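Visitor: Residue numbers (the numbering used here), protein chains in the order written: chain A, 1294 to 1639; chain B, 1294 to 1639; chain C, 1294 to 1639; chain D, 1294 to 1639.
Protein chains: 4
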Amino acid sequence: MFFASDNSGPVPPQVLAALAEANTGHVGSYGSDALTDQVTDQIRTLFEAPEASVHLVATGTAANSLALATLCQPYDTVFCSPVAHIHEDECNAPEFYTGGAKLTLVPGSDRMTPDALRIAIKGQGNRGVHGPQRGPVSITQVTEQGNLYSLDDLLALTTVARHYDLPVHLDGARFANACVALNCTPAEMSWKLGIDVAVFGGTKNGLMGVEAVIFFNPAHARAFELRRKRGAHLFSKHRYLAAQMAAYLQEDLWRDLAQTANTRSAQLLNGLQGVADIKNDAQANMIFAALPRAVHQRAKAAGAQYNVSGAPDGTDPSEMLTARFVCDWSIRPEDIETFLKLVHSD
Amino acid sequence: MFFASDNSGPVPPQVLAALAEANTGHVGSYGSDALTDQVTDQIRTLFEAPEASVHLVATGTAANSLALATLCQPYDTVFCSPVAHIHEDECNAPEFYTGGAKLTLVPGSDRMTPDALRIAIKGQGNRGVHGPQRGPVSITQVTEQGNLYSLDDLLALTTVARHYDLPVHLDGARFANACVALNCTPAEMSWKLGIDVAVFGGTKNGLMGVEAVIFFNPAHARAFELRRKRGAHLFSKHRYLAAQMAAYLQEDLWRDLAQTANTRSAQLLNGLQGVADIKNDAQANMIFAALPRAVHQRAKAAGAQYNVSGAPDGTDPSEMLTARFVCDWSIRPEDIETFLKLVHSD
Amino acid sequence: MFFASDNSGPVPPQVLAALAEANTGHVGSYGSDALTDQVTDQIRTLFEAPEASVHLVATGTAANSLALATLCQPYDTVFCSPVAHIHEDECNAPEFYTGGAKLTLVPGSDRMTPDALRIAIKGQGNRGVHGPQRGPVSITQVTEQGNLYSLDDLLALTTVARHYDLPVHLDGARFANACVALNCTPAEMSWKLGIDVAVFGGTKNGLMGVEAVIFFNPAHARAFELRRKRGAHLFSKHRYLAAQMAAYLQEDLWRDLAQTANTRSAQLLNGLQGVADIKNDAQANMIFAALPRAVHQRAKAAGAQYNVSGAPDGTDPSEMLTARFVCDWSIRPEDIETFLKLVHSD
Amino acid sequence: MFFASDNSGPVPPQVLAALAEANTGHVGSYGSDALTDQVTDQIRTLFEAPEASVHLVATGTAANSLALATLCQPYDTVFCSPVAHIHEDECNAPEFYTGGAKLTLVPGSDRMTPDALRIAIKGQGNRGVHGPQRGPVSITQVTEQGNLYSLDDLLALTTVARHYDLPVHLDGARFANACVALNCTPAEMSWKLGIDVAVFGGTKNGLMGVEAVIFFNPAHARAFELRRKRGAHLFSKHRYLAAQMAAYLQEDLWRDLAQTANTRSAQLLNGLQGVADIKNDAQANMIFAALPRAVHQRAKAAGAQYNVSGAPDGTDPSEMLTARFVCDWSIRPEDIETFLKLVHSD
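As structure tokens, then:
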């Protein structure tokens, strides 16, 4: 009954098998190996982007920070949601990698609206050299609050960005969960909508630690690679990143893992209806839901693990406390059933 | 016949086994897992440093840059050899992580002498606020040219640093090879000599990508951890770094791997005597040796892989060209024999 | 009729006289001159802070950025108002000087409330290493919207900061205007309230370009001086900064200039009553006031200079448009009268 | 008898007069004033570069650091002499402003040779992404050791830079002294030789603190201006920088001041012949010369001020100790005579 994070589960056996398979003989270091070439080509094919530049890094924060740094100047500002991972959960990594660019928080919720984005953009860059200049727009799909932008939503945002000639970054730590939930292709959720650089996340979806950064305009490739090395994110034994990604791409494992995680989440969501107050759309693999304190206490006493926000010191058993439930691919249906029985047992 | 790098070979089966063993159930993310605690304790024990703070990162450049950044201010200068990895091979990562500190190159060879270090230190920090201030001393053991500092050599350097109240960083990408060659303990090659922070490298010695950064004064721990996160080097699925390190520490695998690599290198060195002009001490796992162009051509034609410096366009078959030969743990004795036969076949 | 900025007027004759007086013979460079020592002592006396470290720089942005950088780490966040100069008007200079720290905008108006500050502080620093750490609180007095914090207001803010053990920076670009308006001493508006570092601005109040940065705890002095040099803000011919400051301090010129500016502003404010909708408290030297478009058109046609926000393309003559009126010491009463006649002439 | 620095003398009366003249009425701030436009045009005319972008800053370190930052990426390295001001005397400001670029010291003396520069360039940028990339070449004219590059020397260096497609920066803190010594025009010593950005220094040659940064390709203008603001080097009361520069340009005051300084230096040099061992070419306004300790003691006892390097604790009266003598425009011939009498008095 572990719903605390999709960073906590094991990797599927295919990943271990791929590591073992790759573990033979001497190969070129720092990405000059055949497996890296292979997955680069596979990702280009998957994204229907034969010219794209593809780069592997080991953490999502590296992927985001390096991508943004490649697209902006230190005197620029990045536009993002107030709850964006790049703002709240990366300990100033974007500021570090960009050399001190600012993040402008687009007011509203986790899903930026085109109007709010437009107003935020207009509110910057209008002070000559005094204020920061307008820089990239960063969109998180799935959002940090477990919601999805529809393809139309995304297009509306990229259209605003394009109007101001700003590049668009997609934080796709849960790219696969979104693709599955929207039943679309990677291309449909990225460059076909005007995304300039997408992070195709693997870590939260079953890899040990690999994210692919994909620039649809390869003119950025060299600068990215130099920034990756300078950021200490170029792996000498790059084949082990490539091997994980190879497994991920093999027979659409990435899609299967995400489908499983989303299905488990739907199972949980279904079981929570009635007793819980569901706070988000929960179409992917994250549910935000309020439950009575007594339910949380019962579930936690039985070993369920997940995060509850607020009021840890309260005592009212009926007070509703919001929890985040995340399902990864490895959650078992029977664990969800067990948890739901606990929820419903009074 | 692959002697190009110790970043190119496979990992030993114990590492894959440890990854598989760790790959079960849900565990805390970002280092809050039992395996991370275990290897932290094991490293403290190995280094006889129960108070030390221990941090895992995935690349040597991250280990060095973060360690130096923790120990110095952006207006400082780091003292190192002109061929130090931090100077030549990290694409300004130390400058990036320190916020723009300078590297002062101690004139001489790969092995800094105490006198040269003293003169270099005295040559900085004597211009009030105009020049950079004196910062950490960074020592590479094994050096980039395959040489070793003796324990006395190291002590002489740390004594100079201590005289000026400067902290000392040990770039130990090949820490294990050095320990084996010097037949000493990790403690004897680190804090007992006055090293403040040591990088205990695993990547070049058989891991996929793990280095341990060890501060013998744990007061630096929090700043390091914040810088690691800000640098995007904190792994969410930290257990897979920890698992590799656990395998490395199990029954002194780290020592066995280094012993094997050094032994192979000695075998190669022995076979090169007479025909080659050996350029370094070659006590660890790297040999710099000059051989006639004709020998290189013959070896390369037969598939041997290693780096030769200089004169690629020359034609004189007898011209001596210096090559770097690196042996990792996975080199087979018979491959060395095959190679040596090629060398000696005229 | 120039109300656009207090960066646009001339300097008083005392400043030119002081430059001329200082312009004799050879003196030590980079601050090692007697005049610098003199003004340092005078500022300590003025602030009743005999131990304070005092540093002169030429721009307000330098003063703020260097002060903040000295007080925070690159993984910290600074707390400030959403309209703070450091956020809106310094082109990411604070982010640059701090090495990439973040600014957390305390929701509300130009004057932070203790409650909003407390909530903002509590909202940061609670994510372990994932989010930025809590850093300095930055307060602007007079605010960018021409309002004043009372001494009690300031104390309430510093009390919150102290509760979280956070240092407090006072952006005092208009320090003198505030002191005069509040009828208090510099000490009463700074360290006696718990301010850790104050910028005692001279530029907007009649100097060519000098600000004094005052750390009430001199332990920060050395780091500040190194950062000042590294930021290229240490003047070689430092006497010309010191001379301006000497004139400023002589017989409380700083106070007289601010008194004059505030008095002119009060004259203007008085004349605007009735016809204008006054938007701020206007106790210092800045008035934000809405006037009909027709009035603006008439005034501008007659040569009045000031900034009007919004709706430049509108045509409705009765539409109220908000303007910023700033009075510096050199505005003449008769110019204000002329302007007011224009305002009232229909 | 002050020969310690050309940062220590007074400014000529024309500068004070220009400040007074500019000190009237309200003008646009942050460089939007007529005087700034005027001096921009005058500098373009002086440099025969009608398209150049011209920017004023207050310190030489700001001029150099901002110019270099505009021309290079953080993963680049700048090529300069081992005694360059940007390396030795700016407390890591270039590293700070470039975001962590490296300085590669071209071995040899203060005057880089084309061969040494070529070798240094070839020694960088040949490690793929592992080492820093080749960045700007920075040349100091007059050098820190008081020597001059001839125009041919400069052309030889820019030719090397051009061969590798690298931009060239001229640190012209003593640009005027060089122009006078070489009897050439500013254009002949800058863009006609292939210099991309020149610092036309005013501070050491009689201004309070103004340097002009001149990009001969104005495509860099916007980035420079944003970096200047972000670096806190954009003056709000910009007219007072412009006024100083206006005086400097008026009737070639800059040339007269430099001519005077160079003439004084020649007078001193002439008088030192025979008794001193002259260490540099001394064609501009700096002499490096060794004199017996006894002479130094006699001169210093009589009040002469200048810097002597080395051996402060020695006692041998005949030991030769090297001193630096710098003449500024305000040194009087009679002071030089007095000093020379002291030198020759035994």
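C-beta: ideal position from N, C-alpha, C; glycine also.
Just so we're clear, the structure is a prediction, and the values are computed from it rather than from any experiment.
Please state the DSSP three-state secondary structure of I1507/C.
Guide: strand
Visitor: How long is the line joining the alpha carbons of V1320/A and I1488/B, rounded to whole angstroms?
Guide: 35 Å
Visitor: With 16 as the cutoff for other CB atoms within 10 Å, does A1592/B come out buried or exposed?
Guide: buried
Visitor: With H, G and I counted as helix, E and B as strand and the rest as coil, what does DSSP make of N1573/A?
Guide: Secondary structure at N1573/A: coil, using DSSP grouped into helix, strand and coil.
Visitor: Are any of the Cβ atoms in chain B nearer than 7 Å to that of L1635/A?
Guide: no
Visitor: Under three-state DSSP, which class holds S1346/B?
Guide: strand
Visitor: L1441/C by DSSP, collapsed to three states: which one?
Guide: coil
Visitor: Between the Cα of A1315/D and those of G1302/C, Y1323/C, P1585/C, G1324/C, spot the shortest distance and give me the residue it belongs to.
Guide: Put simply, of G1302/C, Y1323/C, P1585/C, G1324/C the residue whose alpha carbon is nearest the alpha carbon of A1315/D is G1302/C.
Visitor: Closest to N1573/D by CA distance: which of S1358/D, D1609/D, A1616/D is it?
Guide: Considering only alpha carbons, the answer is A1616/D.
Visitor: A1342/B and F1509/B - do their beta-carbons sit closer together than 7 Å?
Guide: yes
Visitor: Looking at the unbroken alpha helix (DSSP H) that takes in K1593/A, where does it start and where does it end?
Guide: 1586-1594
Visitor: Look up G1564/D in the DSSP assignment and say whether it is helix, strand or coil.
Guide: helix
Visitor: Look up R1420/D in the DSSP assignment and say whether it is helix, strand or coil.
Guide: DSSP, reduced to helix, strand and coil, places R1420/D outside both helices and strands of the structure shown, so it counts as coil.
Visitor: Short check: CB of R1411/B to CB of T1436/B, under 7 Å?
Guide: no
Visitor: When we look at the beta-carbon of H1462/A and count the other beta-carbons within 10 Å, is it buried (16 or more) or exposed?
Guide: buried
Visitor: Does the count of Cβ pairs from the segment 1381-1395 of chain D and the segment 1357-1377 of chain B closer than 8 Å reach three?
Guide: yes
Visitor: Against Y1368/D, what residues of chain A qualify as contacts under a CB-to-CB distance less than 9 Å, listed in chain order?
Guide: A1516, L1519, R1520, K1522, R1523
Visitor: Should the segment 1344-1361 of chain C be called in touch with the segment 1474-1485 of chain D, which here means at least 3 C-beta pairs below 8 Å?
Guide: Too few Cβ pairs lie closer than 8 Å, so no.
Visitor: Against chain C, with Cβ distances strictly below 7 Å, would Y1533/D count as a contact?
Guide: yes
Visitor: Around the Cβ of A1569/D, are there at least 16 other Cβ atoms within 10 angstroms (buried) or fewer (exposed)?
Guide: That one is buried.
Visitor: Taking the runs of the beta strand (DSSP E) that are 3 residues or longer, which of them lie wholly in the segment 1441-1528 of chain C?
Guide: 1461-1464, 1490-1494, 1504-1508
Visitor: Considering Cα atoms alone, identify which of D1326/A, M1613/A, N1357/A is closest to V1430/A.
Guide: N1357/A
Visitor: Does the beta carbon of V1601/D come closer than 7 Å to any beta carbon on chain C?
Guide: no
Visitor: Check whether chain A comes within 7 Å of C1365/C, counting only Cβ atoms and requiring the distance to be less than that.
Guide: no
Visitor: Please name the residues in the segment 1390-1410 of chain B whose beta-carbon is closer than 7 Å to at least one beta-carbon of chain D, in chain order.
Guide: G1393, A1394, K1395
Visitor: Determine, using beta carbons only, whether H1589/A and L1561/A come nearer to each other than 7 Å.
Guide: For H1589/A and L1561/A, no; Cβs fall outside 7 Å.
Visitor: With distances taken from CA atoms, which of A1551/D, A1351/D, V1601/D, A1394/D is nearest F1296/D?
Guide: Restricting attention to A1551/D, A1351/D, V1601/D, A1394/D, the CA atom closest to the CA of F1296/D is found in V1601/D.
Visitor: Going residue by residue through the segment 1320-1400 of chain B, where are the continuous beta strand (DSSP E) segments of at least 3 residues, counting only ones entirely within it?
Guide: 1346-1350, 1369-1373, 1395-1398
Visitor: When burial is assigned at 16 or more other CB atoms within 10 Å of the CB, is N1476/B buried or exposed?
Guide: exposed
Visitor: Within the 7 Å Cβ cut-off, does V1513/A reach chain B?
Guide: In the sequence on display, residue 1513/A carries His and not Val. By this cut-off, H1513/A is not an interface position.
Visitor: With contact counted as at least three CB pairs below 8 Å, one residue from each stretch, are the segment 1528-1538 of chain B and the segment 1319-1335 of chain B in contact?
Guide: With a cut-off of 8 Å on Cβ pairs, the segment 1528-1538 of chain B is in contact with the segment 1319-1335 of chain B, counting three or more such pairs.
Visitor: In the structure shown, what three-state DSSP assignment does S1431/C receive?
Guide: It is a strand residue.
Visitor: Of all the options A1466/D, N1555/D, A1413/D, which has the alpha carbon lying nearest to the alpha carbon of V1453/D?
Guide: A1413/D
Visitor: Quick check: what's the CA-CA separation for L1565/B versus T1352/A?
Guide: CA-CA distance, L1565/B to T1352/A, rounds to 43 Å.
Visitor: Does the distance from the CB of P1400/D to the CB of A1409/D come in under 7 Å?
Guide: yes
Visitor: Residues of chain A with CB closer than 7 Å to the CB of C1373/C, please, in chain order.
Guide: Ordered by position in chain A, no residue passes the 7 Å Cβ test against C1373/C, which lies about 12 Å from the chain.
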